[in-house]
Structure formats: structure tokens, C-alpha cells
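Chains as they are written, first to last, in the UniProt record's numbering: chain X, 1 to 236; chain Y, 1 to 242. The beta carbon of each residue, even a glycine, is placed where N, CA and C say it ideally should be. So the structure is just underneath, and the comments pick up after that.
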Amino acid sequence: MLDILRDNWLLLLIGQYPNGPLGGLAMTLILAVCAIAAAFVLGTLIALARTSGIALLYWPATALVYVVRGLPPVMAVFWAYFALPVLIGRPIPGFWTLLTALILYESTYLSEIIRAGIQSLPKGQVEAAKALGFGYGRITCDIVLPQVYHTMLPSMVSQFVSTIKETSLGYIIAVQELTFAANQINSQLLTRPFEVFLILAVIYFLVCFTLTSAARFLERRVARQRNAPALKVQPA
Amino acid sequence: MITLHKVNKWYGQYHALKSVSAEVAPGSVVVVCGPSGSGKSTLIRTINRLEPIGDGQILVNGDDVHAAKGREINRIRSHIGFVFQQFNLFPHLSVLDNVAIAPVRILGLSWHEARERARALLTRVGLAQRIDRYPHHLSGGQQQRVAIARALAMKPPVMLFDEPTSALDPEMVGEVLQVMQSLAAEGMTMICVTHEMGFAREVASEVWFMDHGEIIETGSPAEFFSAPRSERARKFLAEIRH
């Protein structure tokens, strides 16, 4: 197995780059980072629409969340693959197709995490800001979202881990990410699929385990900060 | 300075405020007292429209609070300081920035100017040594003093206090009342919902006694505590003296 790794580590890491397109683990991480960053923005907007109390915003956002969360992620990839070229009027590279599907899918999950954070914030926080003269935009940007992001950070890291795993769906539309690279190696070797896919599994596990550990660390830190005991009376 | 005219408020079928009318003159300190559920907190929260009213009119500094449209209410609220029972400090901001954020965002001060203002106010409430801490590092009494400094940072001509000492351990009540007392001495117009009858007796220029959503009795502390006119006020005072 080590010989497979020795002969193909560069392909698994960066694909055929610089002699061909970037791929492998680098492409997987680029896709995951871009998807989670865009999904973070879209997810925040969906969560704000869902908590706005404005029917015109609430219902479309809610419908989107329920529909997308009720479908397997591969459906999002198929829809992006077939519908995007029709909508835009020209063919779309696999990278953008997969990125669009991941953004759509992940933003609905992130929006629910953010919505839960907004709704669990004590009512007094918004009231205190209102009493000072803050409007909705300022309350959202200065008071609500910073606290929500801080509390929800561990959940968001977990969602990032899910996104890394979901980039493997790119294989079905020939995006040159990590699973695609492993399959290329398997096609060359033909007789050693268990070893190739064991290497693939180990790489995914190591990346995801590291991030999950980071999420656990963050979770403990957030819990510690939130439960920090008030100091006893001290001379001011 | 503050005028309440036939203010009514309902929670569903429950009539929480029943045609409340009253006036607060500039520089006066009004203490609102009464039994639990009498409508004291509801009343004070209607003055800056944290609670909407059913009908009636509330004027603060000449502004009709409940007739304000759109963002106008934010301007009106920025001129009314409000201190909550549960402090409601922003946990993600340091003590200094809790006090500085509103002057930056609402008044357009630079962070440098606002922090200078905040530093002076925190010194005034005895917390100069705590400016870099976060709210969860402070005791309840210290948090409430920060909350008072935060409200004062907007230089409001009027301050509202909604049971500011009710959530505090007894040994911390004094430090908050002391700050409120010094504000009153400087001529700040104040309405305080409180059960601290000692504070009412010493500091208030007028006491409003509420029960079942109505102001039953108003008068100077001397009159109210020595010779309450209504039976309900007599009963209330007898109960709190036990």
C-alpha cells in the first residue's frame, strides 16, 4: 500500500497540477472552503429572512429550507448539473456546478444553525440595543450576529466537515477532487481497489478527524466562556 | 418632560394599564411602587415603547413616543436612558465597549472619543479598574453600574429604571442605589420602578402607587409613607414593613 502512496501522493494532493488541472485534496479543500464561505453568507440571509417576521421573506426562505433539506445532496448536484446551463444559456464547468450545489445545500443547513442561535439569544439583548436607539440593521450586525456566530462556531465547523465529505459527489460529474484522483489511480492499477480506497478513506478521516477535534476544542472553549462564574465582589 | 395621557394596554383580554395619566416634571425623581403584577414594569416599558400601548398618548421631551413612524422611534429612544432588572449587558463586548458602542453607532462619535466618554462614566460609577473586563467577569452590582454608565453615555435628559436592584444580592444593592442617588442629586429626571422604600423615602420627589394597572395614589414620600390615603396603599405598606 505504501508503494501506491509513494507513486501517487502528488496526484492525491494536487491532481495533475501544474501539467494539468488542479485536483486531489487541494481541490477538495478549495471547494469546501469556497462552499462554506458562500453558504455562510447565504445561510445568514436565509436565517434572517426566517426570523424577520415578514411573510414575504419568511415563506420563500422556509420553502427553500424545507425542500432542500428534504432531498439527498446528490439531487442538488444533478439539479445544478442539468438546470444551471439551461438557466445561464451556456455550459458550466464541473467545478462551478458542484460549488453551486454545495452552496445551496449547505446554506440551508447553516441557516438552521444560525436561526437557532438567533432565537436562543436572550430577548433582553435586543431590548437593550433598542433602548439605546439601535435600529434593526445595527442590532443584527453589532449585537445579534456576533453573539450567534460565537456560540454557533462549533456547529459551523462540524458543517464544514460535512461539506468536505460532500465534495466527493463531484466524482459523478467529473470534478477533479480527491475521490476522482483516487479513482484515476484505481483505474491505472486495476487490481488493488481495496488499498487505493483505504488510502482515500484514511485521508478523508485524517482531515475530518482533525477538524472535528478542533470543533470539540471550540465547543469546550465556548462552554467555558459562557459558564464562567461571576467574580465575587471586589473593590472597584 | 414626560406626560402620560389616558394610557391603556391590554395583553389579550387582560387589561394591564387602565387609563393611566400622569406627569413628570424636569429634574424630578418619581418612584413607582406597588404589588407584583400591578403594571409598574409594563408602564415604564411603554415610555420608550419597548411595549406598545392600546390607546392613549405618551409624550417625552415633546415627542409623541407611540405616534413615531419608521426610524423616528430610534431617535426618541436614544434620548431616554433605560436600565433593566437583568442588566442586559452585551457579553461579547468589553465593559468599555459596552458603554462606548452606542455613542459610536448612534451619535457618530469616533471610537476614541466614545471610549474617552465611557472611561469617564465608568470612573464616575466606580469601575475605572474594570474597563477591560467582560461582563461575565463582574459581580451583579458591578454589571448594573456598567448598565447605568451605558445608558448615561447617550447623555439622555431622562432615565428610566426598571427594578434595577431586584436581581442583586442584598450586599450589592447599596452600590447601585448610591449611583442612582448621585444622579438624582445632579438633577437628572428619573422614573424608578423599585421595591427599595428607603431609596424612595430619601431620594424621590414623588411616589406613584400602582395596583391592578392603575395609579391609585401619588404624593410626596413624606405623605405617602406616613399617611397613605388609599386602603390598598396602606395594606401594601403594612405588608412590606413585615
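The secondary-structure analysis by DSSP pairs V31 of chain Y across a beta bridge with Y:C192 and Y:V207.
Within the same chain, and ignoring the five residues on either side of E217 of chain Y in sequence, the residues whose Cβ sits closer than 6 Å to its Cβ are F209, R229, S230 and A233. Fewer than three pairs of CB atoms, one per stretch, sit closer than 8 Å, so the segment 166 to 182 of chain Y makes no contact with the segment 88 to 101 of chain Y. Per the coordinates, the alpha-carbon of S205 of chain Y lies some 15 Å from the alpha-carbon of M1 of chain Y. The contact set of L45 of chain X on chain Y, defined by CB atoms closer than 8 Å, is empty, because the minimum CB distance reaches about 21 Å. Going by DSSP, Q142 of chain Y is part of the alpha helix (DSSP H) stretching over G140 to L152. Within the segment 113 to 139 of chain X, contact with chain Y at the beta-carbon level (separation under 7 Å) is assigned to G124, Q125, E127, A128, K130, A131, L132, G133, F134, G135 and R138.
Between V203 of chain Y and A184 of chain Y, the beta carbon gap of about 5 Å places them in contact (Cβ cut-off 8 Å). Taking every protein chain shown into account, the CB of V125 of chain Y has 16 or more other CB atoms within 10 angstroms, so this residue is buried. DSSP places L12 of chain X in the uninterrupted alpha helix (DSSP H) bounded by L2 to I14.
Going by DSSP, D97 of chain Y is part of the alpha helix (DSSP H) stretching over V95 to R105. For R105 of chain Y, the closest Cβ of chain X is nearer than 7 Å.
A direct Cα-to-Cα measurement between P157 of chain Y and G81 of chain Y gives close to 8 Å. Within the segment 21 to 56 of chain X, complete beta strand (DSSP E) segments of at least 3 residues are not found at all.
Less than 7 Å divides the Cβ of E196 of chain Y from the Cβ of T165 of chain Y. Residue pairing of A22 of chain Y in beta bridges, as defined by DSSP: Y:L4.
Here L122 of chain Y carries a helix assignment [DSSP, helix/strand/coil]. When secondary structure is reduced to three states using DSSP, I131 of chain Y falls in the coil class, being assigned neither helix nor strand.
DSSP, reduced to helix, strand and coil, places E214 of chain Y within a strand of the structure shown.
Taking V193 of chain Y as the centre and dropping the five residues before and after it, the same chain places the C-beta of V32, K40, S41, I44, F161, D162 and E163 closer than 7 Å to its C-beta, in chain order. With 16 or more neighbouring CB atoms inside 10 Å of its own CB, R115 of chain X falls in the buried class. Within the same chain, and ignoring the five residues on either side of L57 of chain X in sequence, the residues whose Cβ sits closer than 7 Å to its Cβ are A49.
Straight across, the Cα-Cα distance linking R117 of chain Y with W10 of chain Y is about 40 Å.
Inclusion of L211 of chain X and A182 of chain X in the CB contact set at 7 Å is not warranted, their separation being larger than that value. Only those residues of the segment 141 to 165 of chain X whose C-beta falls short of 7 Å from the nearest C-beta of chain Y are listed: D142, I143, P146, Q147 and H150.
Counting along the chain, V60 of chain Y sits inside no alpha helix (DSSP H); it lies in the beta strand (DSSP E) bounded by residues D55 to V60.
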